[in-house]
Structures are given as structure tokens and as C-alpha cells.
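*Asks:*
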Amino acid sequence: TRKHRRARNRGIANDLGVCLHFQEEENSILYKTVILKPEWGTSAVYKVLDNQKVIDNQGCFTRNDLKKIWQEEKYTSMRGELLELMKKFQLCYEIIDQKDTFIAPQLLSKIKPDYKWDELNNLILRYAYPDFMPKGIITRLIVVMHKYIDQQKNVWKTGVILNKDSTKAEVIEYHSKREIIIRIFGTNKRNFMTVITHELDKINNSYQRLNCQKLIPCNCKECKNNQNPFTYEFRQLVARLANGKLTIECGKPPSFNEVQVFRLIDNTININQFIPKNQQNRDYNLYQFFGDFLNGNRVTKIGKGKNIERDLIDQHRDVKVSDHAKVNVSGAGAFSLGDSYGAIANNLNQLNFDDPNKNELKQLLIELVQSIAEEDLDEEEKEESLEQISAIADALQNDQNKKLKRKAKGAIAMFQYLVEDLPQNSAMVAIYQELSDAIAKIF
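Note that my numbering gives residue 93 to position 31 of the sequence shown, counting from 1, and the numbers run on in steps of one.
1) With V323 and I331 assumed to form a contact (beta carbons below 8 Å), what rounded beta-carbon distance in angstroms separates them?
2) What are the boundary residues of the beta strand (DSSP E) that includes E311?
3) Determine the extent of the beta strand (DSSP E) in which T293 is found, giving its start and end residues.
4) Would you mind sorting D417 into buried or exposed? The rule is 16 or more other CB atoms within 10 Å of its CB.
5) To which residues of the same chain is N25 closer than 8 Å at the C-beta, ignoring the five residues directly before and after it?
6) Taking the continuous alpha helix (DSSP H) assigned at K209, which residues delimit it?
7) How many angstroms separate the CA atom of S498 from the CA atom of K471?
8) For Q342, is the classification buried or exposed, using 16 other Cβ atoms within 10 angstroms of its Cβ as the cut-off for buried?
9) What's the gap between the Cα of A69 and the Cα of E232?
10) Can the beta-carbon of Y294 be found less than 9 Å from the beta-carbon of L326?
11) What residue does the alpha helix (DSSP H) around T330 start on, and which one ends it?
12) Sorted by chain position, which residues of the same chain lie with C-beta nearer than 6 Å to E429's C-beta, five sequence neighbours on each side aside?
13) Pair every Cβ in the segment 184-192 with every Cβ in the segment 270-281, then say whether three or more of these pairs are closer than 8 Å.
14) Between E496 and L426, what straight-line distance do the alpha-carbon atoms span, to the nearest angstrom?
15) What are the start and end residues of each continuous beta strand (DSSP E) run of 3 or more residues lying completely inside the segment 231-273, in chain order?
16) Identify which residue in L410, V321 and Q459 has its Cα closest to the Cα of K307.
17) Going straight from the alpha carbon of L128 to that of I158, what length do you get?
18) Suppose only complete runs of 4+ residues qualify. What are the alpha helix (DSSP H) ranges in the segment 118-159, listed by chain order?
19) Just grab the DSSP bridge partners of K229 for me.
20) Starting from F164, follow its DSSP beta bridges and name the residues at the other end.
21) If you reduce the DSSP assignment to three classes, tell me which class L413 lands in.
22) If we ignore side chains and look at the alpha-carbon of each, how far apart do N462 and N414 end up?
23) CB-CB under 8 Å to K65, same chain, minus the five flanking residues each way: which ones, in chain order?
24) Using the Cα positions of L272 and E241, report the straight-line distance between them to the nearest angstrom.
25) What residue does the alpha helix (DSSP H) around I501 start on, and which one ends it?
26) In terms of alpha-carbon separation, which member of L303, S139, N329 and K283 lies closest to S317?
27) Rounded to the nearest angstrom, how far is the Cβ of I234 from that of G221, given a contact under 8 Å?
28) For the beta strand (DSSP E) holding L170, just list the boundary residues, first then last.
29) Which value, in whole angstroms, describes the spacing of the CA atoms of N288 and N184?
30) So what's L480 in DSSP terms, helix, strand or just coil?
31) In terms of DSSP beta bridges, what is Q275 paired with?
32) Give the DSSP-derived three-state secondary structure of E320 in the structure shown.
33) Quick one: grab the DSSP three-state call for L185.
34) Look up G221 in the DSSP assignment and say whether it is helix, strand or coil.
35) Kindly confirm or deny that the segment 131-147 and the segment 175-182 touch, where touching means at least three C-beta pairs closer than 8 Å.
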């Protein structure tokens, strides 16, 4: 009960003898505030959450409401700090475009609202809590992500619809099943998924010894557009890669398709988010990453003489954390790629070589850029394709650079994966076949 919860929080604060001071946030109103008795803040917070008017308004309150709720002398001069404290502990957020109006999401309606959802080409990720799922994870996420809430009517006690860059995400907590499911559709699914999982991971990590499994969806032909795809535990996929296992079998009968492990991960969440910040100013290859992720240090033994570093780079793509240009096509057949900008077609046109093989490859790349704009691909596939074209173009200009040459070969592997799902008479399939031969002549 609320009464027992308040008593418990007060008891903890008294036993520990702690104080609250947020000295790391210089721009916060709390920066110069030291709360010597946390129970004072706890009592003030629950005066809001226990207020009948706030409960009846499904968690909505205003600054004027707080003047009445916190009218006692011990609160009157500290209302601003107390409100900031509620925000700090992810207990409320200010409604966008409604100044001085706030929502405590734990008091929202339990009823899921009606809304339309496009189930085509969804990106789906599950968080499972096998042993125990703390209450309040989803409400904390709602507070953290509140600026992306699609409409205030599309948020409830156990879920929310988010909107960013023409991409929508549905995040729902199923406490009885001990899981959170994220579904995303739109033009920048993976980028938005990365934003959401980054915040959700931070919340999960705030609980000591919480057993949480991140379940990556299968991307085989049977699972790709399935609302209930087969899933793989994230750390198991990482373990496979660290030990040289590049593929894994889908568990859905009857096909049991083989899928590429790295693409399972990178298609869903940007792998770079897991790489330490102190490594982000240099090349940090997959071999180092997966070993470090599992063991806290670089893996040096891979067994049976298999060169996982070479294989991962050749068969997938080298992960480089330092910034590189991203591109989009402009003019005829124009399309947007979110935050990716550039003019690769124009750059390619400006390249001139004495070597006819290089000029042949350049022309194929120009045709490939044009075909990508016209092909029935989603925005992430277009962005990925253009990144690989950019890698080939870089290698074309610097054909003595071994790393760039490896990237160019890795790009071919990516295009092979992409064209597998395209009609055999499509332009991209025909260009890919010529592209492979042209790269072999040079690299």
C-alpha cells in the first residue's frame, strides 16, 4: 500500500543517514541544494501521488495544484526544488506544448487506447525478465522519452507510442509475463530502436543484479515480417561471434534457415552504442569488440587457427567508430535518409581514372546509386547500401590501402545479402553481378 511504501522509504532514509546532493548538474535548480533529510522529500512527493485530485486526473497536475498540495511552510519556499526532484527520480514529466502541466505516469489509465498500427516491416525487440521484473520500468522510460510521445492520448500506465523522424515505436510492458516488447515502423527504425534501448538499458542497469535478457528477432525470410519472430538472446549471439561462429539457425520450423549473426544484431540495434567512449576516436574492429564485451579484455585465442577478424570484416563489414560521411541521392529519384547527407553520385561523376577497369567500376557504382533510389527498399536498406558504395568509392581512390580494400570486398557481401530478396529481373541484381566481377579485377 502507499502507506507501507512511504513508511519503508522513510525507514531506509533514516537508517542510512543519507543526504541528497546533485552536484554534477550545474544547470539544475538542485545544484546548490543539499537535502539533509530525504524523508522530507519522500513525504512531499507522496503528497502529490496520493492527492485525490491528481489521482482523479490520471496523474495530471499543474504548478497551481502544487501550491495547494505543498502549502505547508516547510514546503512553500522549496516547491521548485521538489518538482525538480520528482523529475530527477523519473516520477513525472512536463507535457510538451503545455507549460506548467505535468504527468505522473504511474497514475495514468490502465486501459490501452485505440490507435492504428502498420504491422508491415516492423522491427521488434523483447526484453525478458526471467526471475523478477521490478515495477515502474515502463513509467520511468515514459518520463525519459516523453519528448517523443506521439500524442498525450497515446500513453497509458503500461505503454506508450513514440514518434521520431517519421518513425513510430510502440513500447508495452506485460508485467504478468515479465517482459517489455518494442515494435517500430517507419523510415529510421534501427536508429530509433537504438535510442530506446539505450535508455531502457540504463534503467535496467540501475537495479542491482537484475536478470534481464535482450531478445533479438530473427531476420530470415519466414520471420522478417512476422509479428512473432523467433528470437535470440543478445549475449548468446555475442558469444558466438567471439568464438568464431558467424551463423546461427532459426528455430522456426520447418525451414530452420541459417542467418548471419552480426546482421541479426546490427539490423536491430546500432552495435556502436556498446563500444566504450574511450575507444570512439580510433578504429575498433569486431574482433576486439565482441571479446571485450564478454570478458572485459581483448580475446586472443579463437581456436583451430580461424581468423575471425578477417572473416567478420570480409563477410559483413568493419565497424569503425570514428565519424564518416553518410550520403543521400538528390535530384531525380530523390529520397531522404534521415540524418545521412551527401552527394555520392556527384562525387563519383567527378572521379576520372586512366585505368579503364576503375572507370568501369565507377560507372557501375553510379548506376547502383540510381537503382537504389528506384528499388523497393526501406530507408535503412538504402542507407546501408549507400554507405557500402561510399566504402567502395574510397577504396577505388586509394587502392593501395589494405583496410579500404577489405571494406570494398565486405561491401560485396552486403549487397549479396540484400539482392537475395529482390526479383531476379531487378536492376540491382544485374548490377551486383557485374560489380562483383569489376571489384575482383581491381582488388
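Glycine included, each C-beta is placed from N, C-alpha and C at the ideal position.
*Replies:* Result, derived from the coordinates:
1) With 8 Å as the limit, V323 and I331 do not qualify as a contact, their Cβ atoms being about 14 Å apart.
2) Unbroken beta strand (DSSP E) run through E311: T309 to E311.
3) Per DSSP, T293 belongs to the beta strand (DSSP E) from T293 to E295.
4) Exposed, by the Cβ-count rule.
5) Residue 25 cannot be examined here, being either before or after the span of the chain that is shown, 63 to 505.
6) Unbroken run through K209: none, as it is neither H nor E.
7) Going from the Cα of S498 to the Cα of K471 covers about 9 Å.
8) Bear in mind that a pLDDT of 46 at Q342, under 50, signals an unreliable position, so the number given afterwards is only what the model happens to contain. So Q342 ends up on the exposed side.
9) At A69, the pLDDT of 40 sits below 50, so the modelled position is not reliable; the number obtained from the coordinates is stated separately. Answer to the nearest angstrom: the Cα atoms are 35 Å apart.
10) In this structure, L326 lies closer than 9 Å to Y294 by Cβ.
11) T330 -> alpha helix (DSSP H) spans V323 to T330.
12) The residues are I493.
13) Touching, yes.
14) E496 and L426 have their C-alpha atoms spaced approximately 8 Å apart.
15) Runs of the beta strand (DSSP E) lying entirely within the segment 231-273, each at least 3 residues long, are 241-248 in chain order.
16) Per the Cα distances, V321.
17) Note on geometry: alpha-carbon atoms of L128 and I158 lie some 19 Å from one another.
18) Qualifying alpha helix (DSSP H) stretches, in chain order: 125-131, 135-138 and 141-150.
19) First, the amino acid is wrong: residue 229 is Thr here, not Lys. Answer by DSSP bridge pairing, in chain order: K226 and G248.
20) Paired residues: F123 and E156.
21) Here L413 carries a coil assignment [DSSP, helix/strand/coil].
22) Rather than Asn, the amino acid found at residue 462 in this sequence is Gln. The alpha-carbon atoms of Q462 and N414 are separated by roughly 17 Å.
23) The pLDDT assigned to K65 is 43, lower than 50, so where the model puts this residue is not dependable, and the model offers no usable value.
24) The C-alpha of E241 is placed about 13 Å away from the C-alpha of L272.
25) Boundaries of the alpha helix (DSSP H) around I501: A489 to I504.
26) That would be K283, whose Cα lies nearest to the Cα of S317.
27) Indeed, because the Cβ distance is near 4 Å, the residues count as touching under 8 Å.
28) No beta strand (DSSP E) holds L170; DSSP gives it neither H nor E.
29) Approximately 8 Å, taken between the alpha carbons.
30) Correct three-state label for L480: helix.
31) DSSP links Q275 through a beta bridge to A190.
32) Of the three classes helix, strand and coil, the one that applies to E320 here is strand, per DSSP.
33) In the structure shown, L185 sits in a strand (DSSP, three-state: E or B).
34) Three-state result, G221: strand.
35) Judged by Cβ distances under 8 Å, the segment 131-147 makes no contact with the segment 175-182, as fewer than three pairs qualify.
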